[in-house]
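These protein sequence lines map, in sequence, to chains A and B. Under this note's numbering, think of the first position of the first sequence as 1, with each following residue one higher. Under this note's numbering, think of the first position of the second sequence as 1, with each following residue one higher. A short worksheet on the structure shown next.
Number of protein chains: 2
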Amino acid sequence: MKIALDLMGSETPTKTFKQALQKQSKHFILLGSKAVLKHFPTFEHIVTKSVVKMGDAPKDVLRHKQDSSMAIGLDLVKEKKAVAFISCGNTGAIAALSNSKLGKLKPFSRLGLLAHIPTKKKPLAIIDVGANLYYDAKTLFEYGKLAARFQKYLFQLKKPKIALLNIGHEATKGKQEQQKAYQLFSKKNAYFTFVGNIEGQDVFEGTIDVLVTDGFSGNIFLKTAEGVANFLQSQYKFDLPSLAYGAIICGVNGLVIKCHGKSKTQDLLGAFEKAKHLSAIF
Amino acid sequence: MKIALDLMGSETPTKTFKQALQKQSKHFILLGSKAVLKHFPTFEHIVTKSVVKMGDAPKDVLRHKQDSSMAIGLDLVKEKKAVAFISCGNTGAIAALSNSKLGKLKPFSRLGLLAHIPTKKKPLAIIDVGANLYYDAKTLFEYGKLAARFQKYLFQLKKPKIALLNIGHEATKGKQEQQKAYQLFSKKNAYFTFVGNIEGQDVFEGTIDVLVTDGFSGNIFLKTAEGVANFLQSQYKFDLPSLAYGAIICGVNGLVIKCHGKSKTQDLLGAFEKAKHLSAIF
């Protein structure tokens with residue numbers, strides 16, 4: 001069981017990768033430039049040429065960067081030479097490349113980015129945090145089912161509790177997409193329990209397992225949470241828990257984990273654990 | 001100079017209104033039911049019949065609740081019998097009634113809900129936090145101009161710094177609406193400085209004066225900030241600053257302030273101060 005790890009295309013320093021990779025060599029295949037790889041002499045590796053940059057448009061990456069560490073790392077998953085691919089790079093590019101190389105996980109038609117956040121009780125899965133900026137009610141419904149599948153496995157749940165991120169509790173609140181998704185989720189099913197709409201101030205109580213939203217709102221939710229946490233930490237001085245290690249690209253045939261662009265050692269270690277744990281279901 | 005204050009239609013208890021209104025009687029006209037008003041014997045008041053409930057649809061309120069405390073309070077502003085109206089009630093209903101009774105503030109074509117949030121440096125204005133769920137680039141641009149006008153007055157600024165809430169820094173990030181708004185804001189003008197896109201994790205650094213977004217994202221931003229703050233406060237025990245006292249309904253001919261549905265005494269006192277301070281510009 002090998003995990004492919006992308007060392008390029010992010011603001012995560014080589015030093016951080018080095019710290020996280022201590023004592024882990026046999027499980028990894030590292031991807032990067034010669035200059036970076038020389039810091040990891042004992043690791044299995046592949047020297048790659050181009051680098052996907054944070055500002056690259058996904059369609060340009062698909063066309064012109066098939067020799068990048070990101071593309072080749074995903075090839076390893078496709079060819080079953082690795083059970084998972086982990087990268088701190090460009091989210092849109094990872095999503096597009098994962099979709100193109102690994103294909104959709106049936107019966108889902110969209111992919112979504114799933115992150116875990118701490119709450120007062122247990123970790124909550126939030127989907128989507130940035131894969132799709134445009135969406136309809138069916139996409140939101142699929143996100144719920146996708147995330148429920150992961151939460152069931154990760155936390156041994158029978159019927160995960162799903163809520164829809166919205167601006168009020170009533171079924172009539174939100175945009176048409178939220179109102180229609182509310183109806184779809186409300187139909188009886190065997191896989192999850194829909195508990196209705198939830199607002200941002202209640203999410204952290206820990207009463208739900210899955211929070212469903214669109215990629216724009218979800219990305220803003222996650223980054224705002226990070227901003228507020230850092231703001232309060234700077235004012236009141238406390239040890240902040242790691243917020244967003246290892247978001248999962250859900251809905252493709254393979255395990256792909258996207259880490260924060262500025263990951264810390266503990267974020268990478270969290271992602272490694274997640275990859276080892278989840279690889280069993282792929 | 002009188003301020004009309006709505007005592008109905010929210011989860012703010014009468015006790016909280018009572019505490020906030022100590023020593024303030026001569027500046028206020030209170031609106032509410034006979035049962036509530038009997039707790040405020042020394043205040044000028046108007047007994048009102050119907051109550052706008054949190055779940056009421058704005059169009060139903062316009063049609064059937066013109067005898068509510070909310071509608072009659074706004075009539076007082078319209079008739080110049082009050083310089084401001086303050087309510088803790090249904091946001092959509094306040095926006096719709098303000099629009100219908102007070103009319104648009106020229107040259108703006110949309111109204112927006114403006115809230116102030118603390119940052120590491122100075123209070124930041126965020127618009128829109130819930131008035132319009134559907135929007136285009138022009139709406140975002142108008143929001144920026146509206147909020148800049150208030151920030152100029154409140155903080156004696158020459159050219160407020162405006163940023164667009166987005167999921168990345170580059171001009172090509174976000175949905176088409178954000179990309180087009182970026183172009184509109186980038187044209188040179190005398191009223192504000194556009195500093196580009198900003199992400200949620202950077203908002204609280206205090207480097208900007210106005211944060212522009214749509215009503216759905218803005219509402220999620222604000223409520224998420226509240227949720228994270230409460231979560232961390234419950235874990236690490238510190239005195240939390242008040243986040244959202246007195247959002248302003250921007251873009252109508254009159255001063256209307258919407259307080260949190262569950263306001264605390266200090267939230268109401270903050271809104272009273274804001275009303276007194278801002279009444280000079282109307």
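No residue lacks a Cβ here, since even glycine has one placed at the ideal position from N, Cα and C.
Sub-8 angstroms separation of residue i and residue j beta-carbons
{"i": "A:Pro-160", "j": "A:Lys-152", "result": "yes"}
{"i": "A:Leu-31", "j": "A:Phe-17", "result": "no"}
{"i": "B:Thr-12", "j": "B:Ser-186", "result": "no"}
{"i": "A:Gly-200", "j": "A:Ala-163", "result": "no"}
{"i": "A:Ala-137", "j": "A:Ala-181", "result": "yes"}
{"i": "A:Ala-95", "j": "A:Ala-131", "result": "yes"}
{"i": "A:Tyr-135", "j": "A:Glu-177", "result": "yes"}
{"i": "B:Met-1", "j": "B:Val-83", "result": "yes"}
{"i": "B:His-27", "j": "B:Ile-3", "result": "yes"}
{"i": "B:Val-36", "j": "B:Gly-9", "result": "no"}
{"i": "A:Phe-155", "j": "A:Lys-122", "result": "yes"}
{"i": "A:Ala-229", "j": "B:Val-228", "result": "yes"}
Cβ distance (whole Å) where residue i is taken to contact residue j below 8 angstroms
{"i": "B:Leu-102", "j": "B:Lys-81", "result": "Actually they do not touch by this definition, with Cβ atoms about 13 angstroms apart."}
{"i": "B:Leu-165", "j": "B:Thr-213", "result": "4 angstroms"}
{"i": "A:Tyr-245", "j": "A:Ala-271", "result": "5 angstroms"}
{"i": "B:Phe-231", "j": "A:Phe-231", "result": "At roughly 13 angstroms, the Cβ-Cβ gap does not stay under 8 angstroms, so B:Phe-231 and A:Phe-231 are not in contact."}
{"i": "B:Lys-258", "j": "B:Thr-14", "result": "The pair is not a contact, with the Cβ atoms about 19 angstroms apart (cut-off 8 angstroms)."}
{"i": "A:Ile-127", "j": "A:Tyr-143", "result": "4 angstroms"}
{"i": "A:Ala-20", "j": "A:Leu-269", "result": "5 angstroms"}
Beta-carbon neighbours of residue i, restricted to chain B and to distances below 8 angstroms
{"i": "A:Val-36", "result": "What A:Val-36 touches in chain B: nothing, since even the nearest Cβ is about 24 angstroms away."}
{"i": "A:Ala-284", "result": "The structure shown does not extend to residue 284 of chain A, since chain A spans only 1 to 282, so no value can be given for it."}
{"i": "A:Gly-130", "result": "Ile-167"}
{"i": "A:Gly-270", "result": "What A:Gly-270 touches in chain B: nothing, since even the nearest Cβ is about 18 angstroms away."}
{"i": "A:Ile-29", "result": "Simply none; closest approach about 29 angstroms."}
Cutoff 6 angstroms; reference residue i; Cβ partners in own chain excluding five residues on either side
{"i": "A:Leu-133", "result": "Gly-215, Phe-216"}
{"i": "A:Val-256", "result": "Phe-85, Ser-98, Ile-249"}
{"i": "A:Asn-253", "result": "Leu-102, Gly-103, Leu-105"}
{"i": "A:Leu-5", "result": "Phe-28, Leu-30, Ile-86"}
{"i": "B:Gln-179", "result": "none"}
{"i": "A:Glu-44", "result": "Ile-29"}
{"i": "B:Asp-202", "result": "none"}
{"i": "B:Gln-233", "result": "Leu-240"}
Min CB distance residue i to chain D below 8 angstroms
{"i": "B:Ser-217", "result": "Any reference to chain D falls outside this structure, whose protein chains are A and B."}
Listed by chain order, chain B residues near residue i by CB distance under 7 angstroms
{"i": "A:Glu-199", "result": "Lys-223"}
{"i": "A:Lys-120", "result": "Phe-231, Ser-234"}
{"i": "A:Phe-238", "result": "Tyr-236"}
{"i": "A:Gly-112", "result": "Under the 7 angstroms cutoff, chain B gives no residues; its nearest Cβ is about 15 angstroms from A:Gly-112."}
Amino acids of chain A, ordered along the chain, whose beta-carbon sits closer than 8 angstroms to that of residue i
{"i": "B:Val-203", "result": "Thr-224, Gly-227"}
{"i": "B:Ile-72", "result": "Going along chain A, no residue has its Cβ under 8 angstroms from B:Ile-72, so there is no contact; the nearest lies around 25 angstroms."}
{"i": "B:Ile-126", "result": "Within 8 angstroms Cβ-Cβ: nothing; B:Ile-126 doesn't reach chain A, min ~11 angstroms."}
Within chain A, the residues that residue i reaches when beta carbons sit closer than 9 angstroms
{"i": "B:Lys-289", "result": "The requested residue 289 of chain B is not part of the displayed model; chain B covers only 1 to 282."}
{"i": "B:Ile-162", "result": "By Cβ distance, chain A contributes nothing, its closest Cβ being about 17 angstroms from B:Ile-162, past 9 angstroms."}
{"i": "B:Ile-248", "result": "What B:Ile-248 touches in chain A: nothing, since even the nearest Cβ is about 18 angstroms away."}
Sequence-distant residues of the same chain with beta carbon closer than 8 angstroms to residue i, five excluded per side
{"i": "A:Lys-158", "result": "Lys-152"}
{"i": "B:Lys-120", "result": "Phe-204, Glu-205, Gly-206"}
{"i": "B:Thr-42", "result": "Ser-25"}
Beta-carbon proximity list for residue i, same chain, < 7 angstroms, skipping 5 on both sides
{"i": "A:Asp-75", "result": "Lys-101"}
{"i": "B:Phe-141", "result": "Ala-181, Leu-184, Phe-185"}
{"i": "A:Phe-282", "result": "Val-83, Gly-254, Leu-255"}
{"i": "B:Pro-107", "result": "none"}
{"i": "A:Ser-274", "result": "Going by the sequence as given, residue 274 of chain A is Lys instead of Ser. Cβ within range, chain order: Gly-246, Ile-257."}
heavy atom of the ligand SAM below 7 angstroms from residue i C-beta
{"i": "A:Gly-270", "result": "For the ligand SAM, the structure offers nothing, since it holds no ligand at all."}
Interface residues of chain B facing residue i [CB-CB closer than 9 angstroms]
{"i": "A:Ile-208", "result": "Here the premise fails: no neighbours, minimum Cβ distance about 12 angstroms."}
{"i": "A:Glu-170", "result": "Met-54, Gly-55"}
{"i": "A:Ile-94", "result": "Going along chain B, no residue has its Cβ under 9 angstroms from A:Ile-94, so there is no contact; the nearest lies around 14 angstroms."}
Proximal residues of chain A, C-beta to C-beta of residue i below 7 angstroms
{"i": "B:Leu-46", "result": "Residue identity check: residue 46 of chain B is Ile in the sequence provided, not Leu. Simply none; closest approach about 29 angstroms."}
Assess, as a yes-or-no matter, whether the region 65–79 of chain A is touched by the region 41–48 of chain A under the definition of 3 or more beta carbon pairs within less than 8 angstroms.
yes
Three Cβ pairs or more, each shorter than 8 angstroms: is that satisfied between the region 221–239 of chain A and the region 220–229 of chain B?
yes
Three or more C-beta pairs closer than 8 angstroms, one from the region 204–213 of chain B and one from the region 132–151 of chain B: is that the case here?
Taking 8 angstroms as the limit for Cβ pairs, the verdict is that the region 132–151 of chain B does touch the region 204–213 of chain B.
Touch test, the region 97–115 of chain A against the region 236–255 of chain A, Cβ-Cβ under 8 angstroms, three pairs minimum:
yes
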